[in-house]
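Protein chains in written order, with UniProt numbering: chain A, 1 to 260; chain B, 1 to 260; chain C, 1 to 260; chain D, 1 to 260.
Glycine included, each C-beta is placed from N, C-alpha and C at the ideal position.
Protein chains: 4
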Amino acid sequence: MRKYIYRLIAKPQPGDRISQWYDWFIMCVAIISIVPMVFRDPSEQVQEVLKIVEVVSVYLLFVDYVLRWITFDFKSNMKSPWAFILYPITPFAIMDMLGILPSVGLIPASFQALRLLRLAKILQYSKSFERIVNVFSKQRKLLVSVLVLAVAYIFISALIMFSYEPAESFPSFFDALYWATTALTTVGYGDIYPLTEVGKIISMISSLFGVAVIAMPASIVTAGFMDELNKDLEEKERLKEKLREAESQLSKERGDGDHE
Amino acid sequence: MRKYIYRLIAKPQPGDRISQWYDWFIMCVAIISIVPMVFRDPSEQVQEVLKIVEVVSVYLLFVDYVLRWITFDFKSNMKSPWAFILYPITPFAIMDMLGILPSVGLIPASFQALRLLRLAKILQYSKSFERIVNVFSKQRKLLVSVLVLAVAYIFISALIMFSYEPAESFPSFFDALYWATTALTTVGYGDIYPLTEVGKIISMISSLFGVAVIAMPASIVTAGFMDELNKDLEEKERLKEKLREAESQLSKERGDGDHE
Amino acid sequence: MRKYIYRLIAKPQPGDRISQWYDWFIMCVAIISIVPMVFRDPSEQVQEVLKIVEVVSVYLLFVDYVLRWITFDFKSNMKSPWAFILYPITPFAIMDMLGILPSVGLIPASFQALRLLRLAKILQYSKSFERIVNVFSKQRKLLVSVLVLAVAYIFISALIMFSYEPAESFPSFFDALYWATTALTTVGYGDIYPLTEVGKIISMISSLFGVAVIAMPASIVTAGFMDELNKDLEEKERLKEKLREAESQLSKERGDGDHE
Amino acid sequence: MRKYIYRLIAKPQPGDRISQWYDWFIMCVAIISIVPMVFRDPSEQVQEVLKIVEVVSVYLLFVDYVLRWITFDFKSNMKSPWAFILYPITPFAIMDMLGILPSVGLIPASFQALRLLRLAKILQYSKSFERIVNVFSKQRKLLVSVLVLAVAYIFISALIMFSYEPAESFPSFFDALYWATTALTTVGYGDIYPLTEVGKIISMISSLFGVAVIAMPASIVTAGFMDELNKDLEEKERLKEKLREAESQLSKERGDGDHE
Numbered sequence: 001m002r003k004y005i006y007r008l009i010a011k012p013q014p015g016d017r018i019s020q021w022y023d024w025f026i027m028c029v030a031i032i033s034i035v036p037m038v039f040r041d042p043s044e045q046v047q048e049v050l051k052i053v054e055v056v057s058v059y060l061l062f063v064d065y066v067l068r069w070i071t072f073d074f075k076s077n078m079k080s081p082w083a084f085i086l087y088p089i090t091p092f093a094i095m096d097m098l099g100i101l102p103s104v105g106l107i108p109a110s111f112q113a114l115r116l117l118r119l120a121k122i123l124q125y126s127k128s129f130e131r132i133v134n135v136f137s138k139q140r141k142l143l144v145s146v147l148v149l150a151v152a153y154i155f156i157s158a159l160i161m162f163s164y165e166p167a168e169s170f171p172s173f174f175d176a177l178y179w180a181t182t183a184l185t186t187v188g189y190g191d192i193y194p195l196t197e198v199g200k201i202i203s204m205i206s207s208l209f210g211v212a213v214i215a216m217p218a219s220i221v222t223a224g225f226m227d228e229l230n231k232d233l234e235e236k237e238r239l240k241e242k243l244r245e246a247e248s249q250l251s252k253e254r255g256d257g258d259h260e
Numbered sequence: 001m002r003k004y005i006y007r008l009i010a011k012p013q014p015g016d017r018i019s020q021w022y023d024w025f026i027m028c029v030a031i032i033s034i035v036p037m038v039f040r041d042p043s044e045q046v047q048e049v050l051k052i053v054e055v056v057s058v059y060l061l062f063v064d065y066v067l068r069w070i071t072f073d074f075k076s077n078m079k080s081p082w083a084f085i086l087y088p089i090t091p092f093a094i095m096d097m098l099g100i101l102p103s104v105g106l107i108p109a110s111f112q113a114l115r116l117l118r119l120a121k122i123l124q125y126s127k128s129f130e131r132i133v134n135v136f137s138k139q140r141k142l143l144v145s146v147l148v149l150a151v152a153y154i155f156i157s158a159l160i161m162f163s164y165e166p167a168e169s170f171p172s173f174f175d176a177l178y179w180a181t182t183a184l185t186t187v188g189y190g191d192i193y194p195l196t197e198v199g200k201i202i203s204m205i206s207s208l209f210g211v212a213v214i215a216m217p218a219s220i221v222t223a224g225f226m227d228e229l230n231k232d233l234e235e236k237e238r239l240k241e242k243l244r245e246a247e248s249q250l251s252k253e254r255g256d257g258d259h260e
Numbered sequence: 001m002r003k004y005i006y007r008l009i010a011k012p013q014p015g016d017r018i019s020q021w022y023d024w025f026i027m028c029v030a031i032i033s034i035v036p037m038v039f040r041d042p043s044e045q046v047q048e049v050l051k052i053v054e055v056v057s058v059y060l061l062f063v064d065y066v067l068r069w070i071t072f073d074f075k076s077n078m079k080s081p082w083a084f085i086l087y088p089i090t091p092f093a094i095m096d097m098l099g100i101l102p103s104v105g106l107i108p109a110s111f112q113a114l115r116l117l118r119l120a121k122i123l124q125y126s127k128s129f130e131r132i133v134n135v136f137s138k139q140r141k142l143l144v145s146v147l148v149l150a151v152a153y154i155f156i157s158a159l160i161m162f163s164y165e166p167a168e169s170f171p172s173f174f175d176a177l178y179w180a181t182t183a184l185t186t187v188g189y190g191d192i193y194p195l196t197e198v199g200k201i202i203s204m205i206s207s208l209f210g211v212a213v214i215a216m217p218a219s220i221v222t223a224g225f226m227d228e229l230n231k232d233l234e235e236k237e238r239l240k241e242k243l244r245e246a247e248s249q250l251s252k253e254r255g256d257g258d259h260e
Numbered sequence: 001m002r003k004y005i006y007r008l009i010a011k012p013q014p015g016d017r018i019s020q021w022y023d024w025f026i027m028c029v030a031i032i033s034i035v036p037m038v039f040r041d042p043s044e045q046v047q048e049v050l051k052i053v054e055v056v057s058v059y060l061l062f063v064d065y066v067l068r069w070i071t072f073d074f075k076s077n078m079k080s081p082w083a084f085i086l087y088p089i090t091p092f093a094i095m096d097m098l099g100i101l102p103s104v105g106l107i108p109a110s111f112q113a114l115r116l117l118r119l120a121k122i123l124q125y126s127k128s129f130e131r132i133v134n135v136f137s138k139q140r141k142l143l144v145s146v147l148v149l150a151v152a153y154i155f156i157s158a159l160i161m162f163s164y165e166p167a168e169s170f171p172s173f174f175d176a177l178y179w180a181t182t183a184l185t186t187v188g189y190g191d192i193y194p195l196t197e198v199g200k201i202i203s204m205i206s207s208l209f210g211v212a213v214i215a216m217p218a219s220i221v222t223a224g225f226m227d228e229l230n231k232d233l234e235e236k237e238r239l240k241e242k243l244r245e246a247e248s249q250l251s252k253e254r255g256d257g258d259h260e
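Structural data, given as structure tokens:
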């Protein structure tokens with residue numbers, strides 16, 4: 001019985017239709033459970049519908065949570081008592097629980113956004129997100145060093161700007177940081193910008209160089225992505241070429257043999 | 001007779017001047033038929049000229065539509081009765097028809113923009129658009145997964161922002177989505193932006209990572225483009241090198257033979 | 001005498017110090033002659049200095065123009081009478097002349113910006129600009145098709161936006177074009193943006209795809225640039241590797257001979 | 001004694017724990033010494049704490065400065081008297097001194113931002129910054145030429161805009177430069193933009209091309225980065241492949257020998 005449930009909730013084997021359907025079902029529930037977050041001050045009728053959606057979807061997600069809990073020994077290959085104790089502190093279980101808690105009323109209102117963690121369900125079931133995680137973990141070293149560089153650049157830009165601009169345009173250091181981030185990512189809302197000439201010069205220089213600094217993570221992630229997909233193709237190409245070379249050499253050597 | 005018409009409207013054979021001219025002519029008609037869309041509240045005189053332009057160009061496009069219809073059996077290699085029945089539901093025929101309908105008055109005013117579909121004519125006749133379609137269809141798998149990622153990122157950013165910002169800055173979820181899209185594509189008009197500190201922090205973090213996410217489609221499309229063009233060149237290079245290698249090996253082996 | 005002048009103004013031979021100095025001198029004159037354009041409503045004293053700068057620099061540039069004219073037969077390898085007749089219609093000569101004319105008073109005030117063409121002098125003398133021109137002309141085909149794509153995308157975005165947004169936000173088609181360009185290049189000043197929901201949706205979709213379209217020219221130019229510089233390096237690498245391979249094969253074959 | 005100090009402050013040998021700790025300690029001091037710059041009009045209590053932080057951290061940095069001075073002969077391999085004379089004019093020593101001076105009161109208030117130079121300490125101790133410097137110095141030639149191109153493009157855009165726009169929108173040439181930089185880096189705050197139609201057209205054209213020009217440094221730096229990291233990997237790959245080829249050839253040749 002527990003084994004059957006495990007097959008149902010685990011990543012589907014090829015051809016296992018019911019498991020596949022269960023995955024799609026839970027993904028849909030996770031997405032639908034987010035819908036109520038999209039409304040602000042809904043009318044009373046809508047509110048009631050949303051409440052039902054909320055309750056039902058959270059209930060289903062909770063059932064999924066329990067099912068995963070009681071079959072964790074199959075997944076983890078751990079002896080049963082330990083598996084049941086350790087499950088609630090695995091990363092995915094924590095995310096699932098944090099996604100459910102706000103609807104039970106056990107968490108203050110300002111953490112309502114935690115409900116978004118229910119979308120982590122999709123990560124658990126999706127293949128293409130695996131690939132993305134793959135890319136990030138492969139280029140991790142490079143990405144971290146580039147991100148540190150970007151953040152350092154933003155901080156230093158903000159500091160320089162903050163020490164030259166008057167309090168009118170940049171009342172606090174937080175504003176300077178906000179300015180630096182929006183300027184260097186080239187978003188530039190226009191709600192905060194330098195007013196003095198010195199500030200404008202700082203902004204110009206820091207933008208010119210910053211564009212290069214901030215664009216690096218983008219290129220690295222993309223390059224990683226394309227590598228991942230092209231690798232298989234190239235591997236095949238190379239194998240083919242090797243084969244052809246070997247064949248041509250063989251035939252040549254036979255030709256040499258004839259000459260001798 | 002019908003065969004002659006087909007040769008005229010089909011992609012021109014090299015050297016077929018008249019067919020080439022017909023293609024250019026229809027492209028110009030399609031572009032000119034768009035011109036009236038560019039005016040808002042034109043003076044009466046201009047209005048009359050535009051009406052003539054509209055009527056004449058739509059008439060010509062309709063004639064082209066009919067010509068393509070009655071010669072579709074040549075193009076599709078289908079037995080004639082089926083070809084004539086199926087033509088109106090081929091993608092290009094639907095686009096052509098939808099581009100003509102608004103000027104006949106059979107479609108409500110809010111679909112006037114459908115007239116832009118007349119530009120699809122250019123796609124039917126242009127070579128470089130074929131190449132673009134090629135690139136997109138080759139990298140389709142990658143592009144779709146990246147686009148899904150981008151859209152998911154925009155949704156999640158919008159949701160987080162929406163649940164923390166007050167109703168003054170983000171009255172509806174649509175506004176949050178609009179903000180997320182303009183911020184992550186780094187357009188940043190400045191008509192909507194976070195007002196609270198929490199919102200600003202969310203904006204900063206989501207921008208920093210979002211730039212990487214949103215830039216990916218761009219890189220992939222470009223890389224595909226350059227691949228397409230460089231492939232031929234590289235193919236030639238490799239062939240040349242192979243040749244040179246083979247030659248040098250041959251001469252070496254002859255040298256070995258001499259030594260023996 | 002004319003031959004000596006030609007050596008002076010032509011691209012300097014390695015070691016030809018005087019010719020090199022002349023080049024730097026003319027470049028400086030061209031740059032200095034631009035300085036008066038930087039002032040708006042200067043004080044009377046400054047105005048007088050600027051006038052002197054203007055007169056002297058234009059005079060020097062005119063002398064350079066004449067010198068190039070009377071020695072054009074050396075450069076063009078054309079028989080002398082034709083060279084002297086054709087010089088004024090060579091591209092660089094036209095640019096030089098158009099750069100000088102506004103200061104002589106022969107051209108209306110609204111073409112004062114033509115004075116910027118004096119900077120073309122720098123192109124004539126600079127090596128790294130040659131490399132840039134090289135890159136552009138090599139990738140010309142690709143660049144043109146990408147630029148056409150970008151401009152078409154901007155036009156179509158503008159047209160769709162223009163037919164759905166009311167006259168308040170987009171009074172004329174030119175405004176729609178201006179919006180489309182600033183939005184798709186992600187500049188987003190915030191002086192013009194959609195007000196209706198439909199317009200915002202159009203803006204979101206067109207931005208998401210547009211970013212990819214507009215980023216292409218950038219990538220292509222950069223890739224071309226890096227190719228240009230890396231080519232020499234790779235060429236050397238490949239040659240070295242070839243050499244090593246040949247050597248290792250030779251030594252191996254000698255070893256085979258020993259075994260036999 | 002002096003030798004022991006040198007080992008302490010120099011880049012740590014693998015396994016030298018104490019030296020490693022000293023490095024981390026000085027880096028933390030440098031970062032903490034920046035903290036007071038982040039406050040504007042702090043309360044009196046905070047002010048006192050900040051003063052202590054300032055004094056202590058500057059004192060520690062000064063000690064580090066002196067320690068580096070008296071052990072410079074070990075680092076530079078120079079005979080001792082020269083080393084001690086030359087140390088204060090090495091780049092890092094100048095930066096360290098300029099970072100300390102503002103807190104001693106020897107430098108006017110408008111140079112307070114020089115305190116940021118204390119962060120140069122981190123550069124002296126960090127490995128990943130070495131890699132960044134490496135990338136920049138390798139691609140130096142390309143980067144400089146691209147940066148010159150970008151700056152020239154900004155200047156010319158600003159000049160053209162400045163000569164066509166009225167004094168209301170662009171009062172001085174500096175404003176035009178500021179506009180050109182924010183527009184071409186696509187930041188676009190929206191505090192300054194063209195008002196006339198001619199100006200808008202100039203803005204559109206210069207943006208379309210400028211995006212390509214300004215994006216180049218970004219791509220070059222990124223490409224350099226990825227090269228640096230991928231080089232080792234590829235080197236290994238190639239060596240492995242060579243090995244495999246050699247082995248397969250050996251075995252083949254033995255096979256040939258058997259046949260004979």
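*Taking glutamate 48 (chain C) as part of the alpha helix (DSSP H), name the residues at either end of that continuous run.*
44 to 70
*asked:* Strictly below 8 Å CB to CB, what residues from chain A border glycine 190 (chain C)?
replied: Tyr189, Gly190
_Nearest-angstrom beta carbon gap, leucine 119 (chain B) and isoleucine 156 (chain C) [assumed within contact, 8 Å]_ = 7 Å
*Look at the alpha carbon of tyrosine 178 (chain A) and the alpha carbon of isoleucine 205 (chain B), and state the distance between them as a whole number of angstroms.*
10 Å
_Checking 8 Å against the spacing of the C-beta atoms, do proline 36 (chain D) and glutamate 54 (chain D) come in under that value?_
yes
*Let me know if proline 217 (chain A) comes out buried or exposed under the rule of 16 or more other beta-carbons within 10 Å of its beta-carbon.*
buried
*Do valine 46 (chain B) and phenylalanine 39 (chain B) have their CB atoms nearer than 8 Å?*
yes
*isoleucine 107 (chain C), enclosing alpha helix (DSSP H) - first and last residue*: Run containing isoleucine 107 (chain C): none; DSSP gives neither H nor E here.
*asked:* Against chain B, with Cβ distances strictly below 8 Å, would threonine 186 (chain D) count as a contact?
replied: yes
_Cβ shell of tyrosine 87 (chain A) (< 7 Å), same chain only, five flanking positions each side left out_ = Trp69, Phe72, Ala93
*How many Å lie between isoleucine 175 (chain A) and serine 110 (chain D) at the Cα?*
Per the sequence shown, residue 175 (chain A) should be read as aspartate rather than isoleucine. Each residue's Cα considered, the two are about 21 Å apart.
*Can you pull the chain D residues whose beta carbon is under 8 Å from the beta carbon of threonine 182 (chain C), in chain order?*
Gly188, Ser203, Met204, Ser207
*Less than 8 Å between the CB atoms is what I'm expecting for threonine 186 (chain C) and valine 211 (chain C), so what's the real figure, rounded?*
7 Å
_Assigned secondary structure, residue 291 (chain C) (DSSP; H/G/I helix, E/B strand, else coil)_ = Missing from the structure shown is residue 291 (chain C); chain C here goes from 1 to 260 and no further.
*Identify the continuous alpha helix (DSSP H) that holds valine 35 (chain B) and give its terminal residues.*
That residue, valine 35 (chain B), is in no alpha helix (DSSP H); it is neither H nor E in DSSP.
*asked:* Any contact between the region 187 to 200 of chain D and the region 158 to 176 of chain D? By contact I mean 3 or more CB pairs, one from each, below 8 Å.
replied: yes
*Just tell me which of A:Gly224, A:Glu48, A:Ile220, A:Ser251 has its CA closest to the CA of asparagine 134 (chain A).*
A:Gly224
*asked:* If distances are taken between C-alpha atoms only, which option among C:Lys240, C:Tyr4, C:Ile26 comes closest to aspartate 16 (chain C)?
replied: C:Tyr4
*What residues in its chain sit with their C-beta under 8 Å from that of glutamate 260 (chain B), if we drop five residues either side in the sequence?*
Note on glutamate 260 (chain B): pLDDT 47, under 50, position unreliable in the model; the coordinate value appears next. None.
_Pairwise C-alpha distance: tyrosine 153 (chain B) and valine 56 (chain A)_ = 26 Å
_Applying the 10 Å Cβ sphere with the 16-neighbour rule, what's the burial state of aspartate 41 (chain B)?_
exposed
_Can you check whether the C-beta of serine 248 (chain A) is within less than 8 Å of a C-beta belonging to chain C?_
no
*How should alanine 167 (chain D) be labelled, buried or exposed, when 16 other C-beta atoms within 10 angstroms of its C-beta is the threshold for buried?*
exposed
*Does serine 137 (chain A) have its Cβ less than 8 Å from a Cβ in chain D?*
no
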